[in-house]
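When we follow UniProt numbering, the leftmost residue of the sequence shown carries the number 1, and every step to the right adds one. The C-beta atom is built at its ideal place from N, Cα and C for all residues, glycine as well.
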Amino acid sequence: MNAPTKIDTSAEALMATAIRVLTMDAVQAANSGHPGMPMGMADVAAVLFNRFMQIDPSCPKWADRDRFVLSAGHGSMLVYSINHMLGYADMDMDQIRSFRQWGARTAGHPEYGHADGIETTTGPLGQGITTAVGMALAERMHNARFGDDLVDHYTYVIAGDGCLMEGISHEAIDMAGHWALGRMIVLWDDNKITIDGSTELSTSVDQKARFAAAGWHVQEVDGHDREAVAAAIEAAKKDPRPSLIDCKTVIGQGAPNKAGSHKVHGAPLGAEEIAATRTALGWAHEAFTLPKEVYAAWQAVAARGREAREGWEARLLCNEHGGAFEKSLAGPDKAAMAEAITAYKQQLSADAPKVATRKASEMALAVVNATLPNAIGGSADLTGSNLTLTKGMSPVSKDNYGGNYIHYGIREFGMSAAMNGIALHGGFFPYGGTFLVFADYARPAIRLSALMGLPVAYVMTHDSIGLGEDGPTHQPVEHLASLRAMPNLNVFRPADVVETAEAWEIAATSEKTPSLLALSRQNLPCLRTEHRTENLTAKGAYVLREPEGGRDVTLIATGSEVEIAMTAADELARQDVRAAVVSAPCFELFAAQDEAYRASVLGDAPRVGVEAAVEQGWSPLLGARSAFVGMTGFGASAPADDLYKHFGITAEAVAAAAKKLIR
């Protein structure tokens with residue numbers, strides 16, 4: 001997009017002052033919040049929005065808008081103040097007055113989906129800057145496909161000392177530098193204050209040297225010198241590298257007695273200091289009252305953005321790739337995916353291949369990637385183990401943003417946060433892989449996927465003690481339980497190739513729920529040899545085997561243990577015990593079914609749960625008369641078959657548990 005040439009800078013001091021007073025008034029009214037950062041970065045923010053940001057509050061989701069990420073999310077009043085003054089329809093002054101109150105859009109930290117103009121949820125420090133890396137990468141990937149006329153925007157980040165102390169920041173800056181994301185500009189609020197006090201208490205890192213070492217363009221400015229800030233942003237835009245601008249600021253700038261102190265970081269200023277601040281700033285207006293010249297200055301930014309958006313829409317109409325561009329931003333073609341997966345399932349049921357579900361995932365992904373042209377795969381340096389790369393995919397790099405496979409390196413957390421950014425940017429369906437045991441490294445970003453309702457897919461292989469010789473450090477036992485405890489996350493543990501294909505159909509067409517596929521290293525037989533068009537995995541659990549004459553016991557299993565349950569049912573049948581087998585690939589989807597369906601699947605007979613993991617989380621499926629065959633501690637290093645025998649996860653153990661229940 002072409003930046004407008006005529007920008008009025010004369011009102012920037014007033015624009016910054018308005019941020020300061022709205023912030024201190026809102027925090028005071030709420031009696032909680034963080035006034036220090038918004039007051040300290042007000043000058044930087046005024047320059048950024050007045051001279052550079054291209055956004056249109058009348059069309060908040062305009063595809064080619066600049067993205068603004070407040071990584072230091074505790075300073076949320078910065079973005080709420082700005083969005084109010086810009087004229088976002090859902091951010092009137094009542095929302096500012098209701099900061100941090102029940103039902104208000106102005107949550108303590110910016111929450112994606114709660115209000116327009118909030119590009120991502122930024123609560124846990126460090127994730128904002130890393131999510132922004134995904135946004136900036138998505139911009140370049142989208143640009144490679146559709147050109148400058150349709151994709152030509154920047155990703156701006158305000159980050160604080162805490163963001164840069166968090167370990168994930170290292171993953172973020174390394175990825176951005178490696179991919180040469182020159183349209184990512186980070187404005188660092190270098191105020192040298194944390195909650196405990198001076199940053200000298202906890203860090204001695206030369207951040208500018210760290211960013212430079214990762215391949216970033218680095219500058220330092222006085223964050224209260226607006227012309228210096230503007231010149232630095234101009235220089236950053238001209239450099240092909242991602243940019244860090246070290247903005248030397250005073251936390252709580254404007255407060256005559258508390259500025260520069262950690263006491264202004266996360267507490268109201270108090271009525272006396274607010275009155276003194278009003279005097280110091282020359283602000284004669286009552287709380288939550290802004291003069292018309294403030295609104296005029298900020299809404300000139302909005303008008304400029306609207307003009308840019310209208311010009312972009314005109315280009316879209318006559319662009320030969322316009323239709324494909326809009327299709328990339330639309331939701332997945334569910335009908336096409338269902339048709340492709342159904343045909344594929346029919347072939348699988350006929351061929352009945354015995355493969356590990358990680359291999360089954362690779363096979364299903366070939367269908368998904370052929371059906372969804374905007375699928376973007378990746379792995380945290382485990383491509384050959386996760387099997388996330390399908391035929392015809394090419395790597396994304398600084399020399400080839402047109403690729404569709406991302407080598408994230410050994411950065412599980414960074415990968416997951418970046419995938420969130422790719423999903424938030426729009427235009428792509430991202431999936432990425434690692435071992436299930438490393439879900440703990442990625443968990444905070446998976447949680448934000450769930451919290452924001454992003455249809456990101458996590459491919460987690462080596463899902464149990466079945467991975468064998470790598471030992472207990474690599475054998476997940478508690479991970480399924482902890483992930484199932486997370487709201488709005490579908491955790492799939494498929495039993496065979498057919499269930500894996502069905503899980504991928506759900507993951508690839510999900511709208512507001514991320515998916516996590518827990519996949520085996522060991523080969524598993526195809527259990528679904530009779531083709532069913534219906535996606536049974538979408539039910540969460542279903543009856544795989546129903547004995548004639550009613551049930552004496554119901555065996556419920558997931559993943560690799562469904563085979564064990566089937567063998568146990570055969571053994572019980574030889575002893576005249578009628579055992580039903582239920583496959584339960586997704587507890588969350590089963591819980592969403594109506595009560596009648598759940599009752600029909602679970603039955604009234606005693607139940608035995610079987611899973612090579614801890615029992616926690618199984619109680620809704622098991623009921624009162626039940627037993628569980630699984631893990632009670634950590635695994636060990638040995639071949640998988642030996643481990644299953646040692647820990648008693650065998651068909652014989654399942655049959656014995658069943659017989660004990662029905663005696």
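| query | Distance, Cα to Cα, Leu-480 vs Asp-496? | reply | 18 angstroms
| query | Three-state secondary structure (DSSP) at Lys-248? | reply | strand
| field | Coil, strand or helix - Gly-453 by DSSP | value | coil
| query | When the Cα of Asn-490 is compared with those of Thr-390, Gln-253, Cys-586, which residue comes out closest? | reply | Cys-586
| Nearest to Arg-304 (by Cα), restricted to the options Arg-65, Met-631, Leu-621 | Arg-65
| query | What's the call for Gly-633, buried or exposed, on a 16-neighbour Cβ count within 10 Å? | reply | exposed
| task | Please classify Leu-201: is it buried, with 16 or more other beta-carbons within 10 angstroms of its beta-carbon, or exposed? | result | exposed
| task | Taking all protein chains shown into account, decide if Gln-28 is buried (16 or more other Cβ within 10 angstroms of its Cβ) or exposed. | result | buried
| message | Am I right that residue 670 and Gln-522 are in contact with their C-beta atoms under 8 angstroms? What's the rounded C-beta distance? | response | Any question about residue 670 goes unanswered here, given that the chain covers just 1 to 663.
| query | If you drop the 5 nearest sequence neighbours on each side, which residues of the same chain put their C-beta closer than 6 angstroms to that of Asp-116? | reply | Pro-60, Tyr-88, Asp-90
| query | From Glu-310 to Leu-290, what does the alpha carbon distance come to, in whole angstroms? | reply | 29 angstroms
| message | Give me, in chain order, the residues of the same chain whose beta-carbon lies closer than 6 angstroms to that of Trp-312; leave out the 5 immediate sequence neighbours on both sides. | response | Asp-64
| Comparing alpha-carbon positions, which option in Gly-384, Leu-517, His-646, Ala-132 lies nearest Leu-424? | Ala-132
| field | Option in Ile-446, Arg-278, Glu-499, Arg-100 with minimal Cα separation from Ala-485 | value | Ile-446
| task | Quick one: measure Cβ to Cβ for Leu-517 and Ala-507, integer angstroms, because I've assumed they're closer than 8 angstroms. | result | 7 angstroms
| message | On the DSSP letters alone, give me the boundaries of the beta strand (DSSP E) that Glu-220 sits inside. | response | 217-222
| request: Enumerate in chain order the residues of its own chain whose CB-to-CB distance from Ala-366 is below 7 angstroms, with the five nearest sequence positions on each side excluded. | output: Thr-390, Lys-391
| task | For the beta strand (DSSP E) holding Leu-516, just list the boundary residues, first then last. | result | 515-519
| query | Since Ser-482 contacts Thr-434 with CB under 8 angstroms, what's their CB separation in whole angstroms? | reply | About 16 angstroms; that fails the 8 angstroms criterion.
| Does DSSP put Arg-55 in a helix, a strand or coil? | It should be pointed out that residue 55 corresponds to Ile in this sequence rather than to Arg. The answer is coil: DSSP assigns Ile-55 none of H, G, I, E or B.
| field | Segment contact, 8 angstroms Cβ cut-off, at least three pairs: the region 274-284 with the region 117-128 | value | no
| field | Inter-residue CB distance, Glu-220 and Asp-246 (contact presumed, cutoff 8 angstroms) | value | 4 angstroms
| query | Tell me which same chain residues have a C-beta within less than 7 angstroms of the C-beta of Ala-172, skipping the five on either side of it? | reply | Ile-129, Thr-130, Val-133, Gly-414
| Helix, strand or coil: which one does DSSP assign to Ser-70? | Note that residue 70 corresponds to Leu in the displayed sequence, not to Ser. Strand, per DSSP.
| query | Excluding sequence positions up to five away, which residues of its chain have a Cβ less than 7 angstroms from the Cβ of Ala-214? | reply | Ile-173, Asp-174, Gly-177
| query | Shortest alpha-carbon distance to Pro-444 belongs to which of Ala-11, Pro-124, Gln-95, His-114? | reply | Pro-124
| Residue ranges of each beta strand (DSSP E) within the region 407-489, 3 or longer | 429-435, 457-461
| Using the beta-carbon count (16 or more within 10 Å), is Arg-574 buried or exposed? | exposed
| query | Nearest to Asp-189 by CA position, among Met-165, Ala-180, Ser-198, Gly-160, is which residue? | reply | Gly-160
| request: Determine, using beta carbons only, whether Ser-510 and Gly-427 come nearer to each other than 8 angstroms. | output: no
| Ordered along the chain, which non-local residues of its own chain (more than five positions away) have a Cβ less than 8 angstroms from that of Val-355? | Met-363, Val-497, Asn-523, Leu-524
| task | Have a look at Ser-71 and Glu-611 and give me their C-alpha separation to the nearest angstrom. | result | 40 angstroms
| Can you tell me the Cα-Cα spacing of Ala-180 and Leu-602, whole angstroms? | 54 angstroms
| Near Arg-51, which residues of its chain fall below 8 angstroms by C-beta distance, leaving aside the five closest residues on each side in sequence? | Ile-7, Thr-9, Ala-230, Ile-233
| query | Do the CB positions of Ile-556 and Val-577 come within less than 8 angstroms of each other? | reply | no
| When Val-608, Ala-580, Glu-588 are compared against Ser-600, the one with the closest alpha-carbon | Ala-580
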